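Data first, discussion second: the structure below is written as structure tokens.
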Amino acid sequence: AAAAAACGRGAGVGLVGGCRLLLLLALWRAAALPRGMLYPRDTPSRERKELGGLWSFRADLSPSRDAGFVQRWYRQPLRQTGPVIDMPVPASFNDITQDPSLENYIGWVWYEKEVLLPSRWLQDELNTRVVLRFGSAHYYSIVWVNGVQVVEHEGGHLPFEADISSIVQDSPGIPCRITVALNNTLTPHTLPPGSILYMNDATRYPKNYFVQNIRFDFFNYAGIHRPVVLYTTPSVYIDDITVTTTSSDSVAMVQYQVAVVGSTVYSLSLSLYDQEGKVVATGDGPAGELKVLNPNLWWPYLMHETPGYRYCLEVKMQAQVNGALLEDVYTLPVGIRTVHVTSTQFLINGRPFYFHGVNKHEDADIRGKGLDWPLVVKDFNLLRWLGANSFRTSHYPYAEEIMDLCDAYGIVVIDECPAVGIKMPESFGNKSLQHHLVVMEELIRRDKNRPSVVMWSVANEPASDLAPAAYYFKTVIAHTKALDPSRPVTYVTDVNYALDHGAPYVDVICVNSYFSWYHDPGHLEVIPLQLTAQFENWYKTYQKPIIQSEYGADSVPGLHSDPPLMFTEEYQKAMLREYHSVFDKKRKEYVIGELIWNFADFMTNQGTTRVLGNKKGIFTRQRQPKSAAFVLRERYWKIANESSCLPPVIKSHTLFL
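Our numbering puts the first residue of the sequence shown at 45, with every later residue one more than the last.
Structure, rendered in structure tokens:
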């Protein structure tokens with residue numbers, strides 16, 4: 045009950061048609077997120093302190109999961125209200141201990157850490173602002189500092205923060221005690237949605253027994269999944285920066301907007317540096333454009349010999365506060381590139397781009413969805429070895445640190461919000477819709493300046509054949525385009541082309557299909573006919589480019605059969621080759637991409653069709669290649685070499701990454 049109450053948001057809208065849409069968007073804009081969410085960076089005016097490591101942890105095992113609130117655990121150190129254990133941050137808590145009750149725990153858990161702050165942060169006369177920031181915590185978070193609530197946030201995959209200056213500066217020399225109550229309960233109105241099922245048959249289930257039902261096929265890991273940091277700014281500071289770019293052969297324009305908080309009287313200067321540290325353009329004021337001659341464009345991996353080229357935009361703000369001159373400096377990586385969609389092509393910098401990539405998950409042994417640098421770097425090395433130029437953030441926004449590497453390496457991203465498993469009719473109501481709009485605002489606020497992000501995905505496999513889906517997705521997509529007119533918008537469908545009510549509003553058709561697996565299992569011979577019909581029906585109906593956004597088959601490593609049988613490595617390879625033969629015909633027309641499901645095996649809920657998770661990866665969960673990885677590598681490098689303008693030497697060297 046406490047979890048459901050905490051996750052309940054939204055209000056009804058009683059009008060119909062276009063007026064209803066306009067009113068809902070107007071109401072949303074009135075309550076839109078007021079501040080920016082720049083990534084914390086060390087600059088001459090800013091410092092940061094990472095809070096990763098071991099935190100104190102306790103799961104609330106009381107029948108109603110509300111003992112922590114009733115007993116006010118946040119009012120004193122957590123260890124004083126009962127037993128605690130060590131819990132690493134960032135990490136999911138589910139697989140860390142030997143306690144089976146934590147593996148599938150649903151409800152409130154509590155984290156706590158005490159930290160001493162540098163004395164210079166606590167001197168109020170220095171006009172220092174101290175901010176506590178969470179990269180993400182799944183799903184609903186309430187945070188206290190020294191017993192004072194500072195922030196509350198719904199959503200498990202996007203950052204949130206709180207200004208804690210007044211609390212910590214009032215108590216210099218006292219450890220800063222950070223307490224987090226975290227609830228992973230999913231309801232019909234959360235993203236992703238879910239429902240709680242209470243088992244009331246006392247002859248079969250213990251008292252107060254319940255389970256969390258979900259309609260998505262990955263494990264609902266929970267915890268503080270991404271870095272927690274404290275950082276400082278001056279009391280007058282750069283709050284947000286928005287950058288868009290246009291370019292021609294010899295000149296590029298970088299349009300910018302800068303928001304400053306804390307004073308209305310300030311000055312701004314901007315300098316754009318190339319990778320050699322040379323200033324290539326300057327500007328001033330809160331809005332304007334920078335002219336860059338002979339620009340180095342941001343190109344995807346394998347489309348240019350220097351993919352992922354980024355400039356550095358340095359923004360300096362100066363303001364007078366109580367007779368003292370304050371200066372804030374923030375540096376933002378900037379990639380200059382354009383995106384355009386036609387009825388048959390996806391263009392980056394005016395050149396056709398073909399997505400040959402993967403779908404992924406943030407998932408690994410032990411740490412679950414927790415950010416892990418060795419794993420992240422390994423995954424990018426495998427992507428480049430594979431010849432993959434892109435991935436979709438299935439089915440939620442990935443960590444900012446991962447997105448940074450996409451920008452740097454030239455890996456193109458379809459950036460997806462956590463709207464997966466929208467299957468219930470009640471998940472299409474105004475309560476869910478209003479939250480969905482806020483999530484898109486948070487996602488775009490975070491990733492709007494990333495050159496790697498070329499398209500927003502507002503959902504994965506929703507029940508878009510239901511009548512309410514038309515208004516729902518018309519609203520979400522219109523809202524997304526209003527927030528960011530520079531990028532196309534899509535969602536990923538598995539609904540029949542003739543029944544999908546949201547497809548008229550997307551810019552690119554993204555379709556998932558598993559012919560010879562979930563449909564006609566074991567019959568590889570049906571793939572050419574069914575896949576060809578799928579593409580032709582979608583294109584005839586909508587005249588929009590198509591991405592095969594998922595396809596694949598489970599394979600158990602080391603399981604073999606000839607002729608191929610399901611779940612063997614041979615069957616996975618054979619399915620891929622059948623799909624590829626159709627892709628090769630249709631990519632000459634209007635198919636603009638193929639994304640394998642999945643990059644690596646990943647954990648799911650237990651079930652009779654899942655043996656330690658989903659086995660559709662071309663790599664194992666431990667990142668070892670299956671036979672299909674070599675099939676895909678050969679294909680992707682062939683496609684890259686056919687379409688690339690790279691010199692032969694660069695190509696041959698790149699093959700051995």
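For each residue, glycine too, the CB sits at the ideal point set by N, CA and C. From a predicted model like this one, the values you see are computed outputs, not experimental measurements.
Item	Value
The stretch 210 to 223 contacting the stretch 441 to 454, beta-carbon criterion three pairs below 8 Å	no
Three-state class that DSSP yields for ASN685 in the structure shown	helix
Given 8 Å, three or more beta-carbon pairs between the stretch 672 to 682 and the stretch 602 to 611	no
C-alpha distance - ARG73 paired with GLU678, whole-angstrom precision	Low local confidence applies: a pLDDT of 47 at ARG73 is under 50, so the model's placement there is unreliable, with the coordinate-based value given in what follows. So the alpha carbons of these two residues sit roughly 48 Å apart.
Span of the alpha helix (DSSP H), counted from its first residue to its last, around ALA618	613 to 630
Residue environment, GLY321, which counts as buried when at least 16 other CB atoms sit within 10 Å	exposed
C-alpha gap between ILE488 and LEU166, whole angstroms	33 Å
Bridge-paired residues (DSSP) for HIS269	In DSSP, HIS269 forms no bridge with anything.
Ranges of the beta strand (DSSP E) found wholly within the stretch 518 to 589, counting only runs of at least 3	533 to 537 and 553 to 556
Unbroken beta strand (DSSP E) run spanning TYR374, endpoints	368 to 378
Given 8 Å, three or more beta-carbon pairs between the stretch 294 to 314 and the stretch 263 to 271	no
Euclidean distance between Cα positions of LEU427 and MET468	35 Å
The stretch 470 to 485 contacting the stretch 514 to 527, beta-carbon criterion three pairs below 8 Å	yes
In DSSP terms, what ASP130 is bridged to	SER100
Element boundaries [alpha helix (DSSP H), containing ASN425]	417 to 430
Where HIS384 falls, given that 16 or more other Cβ within 10 Å makes a residue buried	exposed
Given 8 Å, three or more beta-carbon pairs between the stretch 238 to 254 and the stretch 133 to 140	no
Alpha-carbon spacing of SER294 relative to LYS660, whole angstroms	45 Å
C-alpha distance - LYS525 paired with CYS461, whole-angstrom precision	14 Å
Close-in-space but distant-in-sequence residues of the same chain around THR437 (CB under 6 Å, 5 per side omitted)	ASP459 and GLU460
6 Å CB neighbourhood of LEU226 in its chain, flanking five on each side removed	VAL153, ALA181 and SER185
Beta-carbon gap between TYR634 and PRO565 smaller than 7 Å	no
Proximity of ARG667 and LYS404 at Cβ, strictly below 7 Å	no
Reduced DSSP secondary structure (H/G/I, E/B, other) of ALA503	strand
Cβ contact check for the stretch 535 to 554 and the stretch 496 to 513: 3 or more pairs under 8 Å	yes
Extent of the continuous beta strand (DSSP E) run through ASP207	204 to 207
Cβ neighbours of ASP328 in the same chain (closer than 8 Å, five flanking residues each side left out)	SER311, LEU312, SER313 and LEU314
Limits of the unbroken beta strand (DSSP E) element including GLN478	Counting along the chain, GLN478 falls outside any beta strand (DSSP E), though it belongs to the alpha helix (DSSP H) covering 474 to 491.
Rounded Cβ spacing between VAL464 and PHE627 (contact assumed at less than 8 Å)	Wrong, their Cβ atoms sit about 25 Å apart, outside the cutoff.
Among ASN649, CYS220 and PRO162, the one whose alpha carbon lies nearest that of TRP188	CYS220
Option in TYR440, PHE399 and GLU196 with minimal Cα separation from GLY431	PHE399
Buried or exposed by the 16-neighbour rule on C-beta atoms within 10 Å, applied to SER593	buried
Among GLY379, ARG270, LEU369 and GLY200, nearest to THR289 - alpha-carbon criterion	GLY379
Beta-carbon proximity of PRO495 to ASP372, cut-off 7 Å	no
Proximity below 7 Å, CB of GLY394 to CB of PHE435	no
DSSP state of ARG494 mapped onto helix, strand, coil	coil
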